[in-house]
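Asks: In my numbering, the protein residues as written are 312 to 560.
Shown next, in the form of structure tokens:
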């Protein structure tokens, strides 16, 4: 039987254990926090470069194939823990090329052949907030992006022994505002004062109204002997990225 005012031994033991756990957490928390902070990009500015593969969607997918290109990005840290950042990104994509041998002029009796090349390209500049997720060797991120893109298709002519074209023209060009987002992760591959991380990500961009000319349309118009016809539609595409990211300063 327990006397009034006395504390049961079992209750006292549980309370002591709880106090010990709290004390251990308070002692170890700073070290754990420092370890996590070390997993984040700690410089005020980090930069990266990536290889890009684009996948058209919707109406843009009807006459456009997979694209290839490069991108560069910079991350500006806004808080001490590098959770809130501003991401800027510049990318270039080539989404179609054709090449064919054609006579230079009918007046030469088709004796002089040249290479006629056509290339369709997209350049985009976007900026927006980026959030970093839980720290570790694998650190996810998500970003909202907005900016603009330029679309253009050019044709050029060069001889067999030339590396530079001697004549070129822009067949179609347009400028459009864009918005979308990106998601991915940084994977730690090197520690130290300037850690290096691999970046894996996907970006989605939407353009509501664009005039563009694809290399497929150029090829078909040439084969059918008719003028090419630029298209006007909404342009959406995904871009899959793989690259490296490191502290600049």
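The C-beta atom is built at its ideal place from N, Cα and C for all residues, glycine as well. All figures in this text were calculated on a predicted structure; none of them were measured in a lab.
Residue 536 by DSSP, collapsed to three states: which one?
Replies: In the chain shown, the residue the question calls residue 536 occupies position 225. In this structure, residue 536 counts as coil in the three-state DSSP scheme.
Asks: Taking Cβ positions, are residue 426 and residue 468 nearer each other than 8 Å?
Replies: Here residue 426 is taken as the residue at index 115 of the chain shown, counted from 1. Here residue 468 is taken as the residue at index 157 of the chain shown, counted from 1. Yes, they are a contact pair.
Asks: Between residue 508 and residue 500, which are expected to be in contact by the criterion C-beta below 8 Å, what is the C-beta distance as a whole number of angstroms?
Replies: Reading the chain shown from its first residue, position 197 is the one you call residue 508. Reading the chain shown from its first residue, position 189 is the one you call residue 500. With 8 Å as the limit, residue 508 and residue 500 qualify as a contact, their Cβ atoms being about 6 Å apart.
Asks: Is the Cβ-Cβ distance between residue 412 and residue 424 less than 8 Å?
Replies: Against the chain shown, residue 412 aligns to sequence position 101. Against the chain shown, residue 424 aligns to sequence position 113. The answer is yes: Cβ separation under 8 Å.
Asks: How is residue 370 classed by DSSP in three states: helix, strand or coil?
Replies: Within the chain shown, residue 370 is the residue found at index 59, counting from 1. Correct three-state label for residue 370: helix.
Asks: Reducing DSSP to helix, strand and coil, say where residue 505 ends up.
Replies: Mapped onto the chain shown, residue 505 falls at position 194. Correct three-state label for residue 505: coil.
Asks: Indicate whether residue 456 and residue 493 have their beta-carbon atoms separated by less than 8 Å.
Replies: As a position in the chain shown, residue 456 is number 145, starting the count at 1. As a position in the chain shown, residue 493 is number 182, starting the count at 1. Yes, they are a contact pair.
Asks: To the nearest angstrom, report how far apart residue 388 and residue 358 are at their CA atoms.
Replies: As a position in the chain shown, residue 388 is number 77, starting the count at 1. As a position in the chain shown, residue 358 is number 47, starting the count at 1. Taking the straight line from one Cα to the other gives about 11 Å.
Asks: So, at 6 Å on beta carbons, what are the nonlocal neighbours of residue 529 in its own chain, with the 5 sequence-adjacent residues on each side left out?
Replies: Numbered from its first residue, the chain shown carries residue 529 at position 218. So the qualifying residues of the chain are 429, 539.
Asks: Compute the distance between the beta-carbons of residue 524 and residue 480, then report whether it is under 8 Å.
Replies: The residue given as residue 524 occupies position 213 in the chain shown. The residue given as residue 480 occupies position 169 in the chain shown. In this structure, residue 480 does not lie closer than 8 Å to residue 524 by Cβ.
Asks: Where in the stretch 415–457 do unbroken runs of the beta strand (DSSP E), each at least 3 residues long, occur, reported from the N-terminal end onward?
Replies: Fully enclosed beta strand (DSSP E) runs of 3 or longer: 424–443.
Asks: So, with DSSP's three-state summary, where would you put residue 559?
Replies: In the chain shown, residue 559 corresponds to position 248, counting from 1. If DSSP states are grouped into helix, strand and coil, residue 559 belongs with coil.
Asks: Does the beta-carbon distance from residue 435 to residue 362 come in below 8 Å?
Replies: The sequence position of residue 435 within the chain shown is 124, counting from 1. The sequence position of residue 362 within the chain shown is 51, counting from 1. Cβ distance not < 8 Å, so residue 435 and residue 362 don't count as in contact.
Asks: In the DSSP assignment, the beta strand (DSSP E) including residue 384 goes from what residue to what residue?
Replies: Here the question's residue 384 lines up with position 73 in the chain shown. Here the beta strand (DSSP E) through residue 384 covers 378–388.
Asks: Give the DSSP-derived three-state secondary structure of residue 525 in the structure shown.
Replies: Position 214 of the chain shown, counting from 1, holds the residue named residue 525. Three-state result, residue 525: coil.
Asks: Could you round the C-beta distance between residue 395 and residue 381 to whole angstroms and report it? I think they count as a contact, below 8 Å.
Replies: To locate residue 395, count along the chain shown from 1; it is residue 84. To locate residue 381, count along the chain shown from 1; it is residue 70. Actually they are not in contact, since the Cβ atoms of residue 395 and residue 381 sit about 27 Å apart, beyond 8 Å.
Asks: So what's residue 531 in DSSP terms, helix, strand or just coil?
Replies: By one-based count along the chain shown, residue 531 stands at place 220. In the structure shown, residue 531 sits in a helix (DSSP, three-state: H, G or I).
Asks: With a CB to CB cut of under 6 Å and the five nearest residues on each side skipped, what residues in its chain are close to residue 383?
Replies: As a position in the chain shown, residue 383 is number 72, starting the count at 1. Only 360, 401 meet the Cβ criterion.
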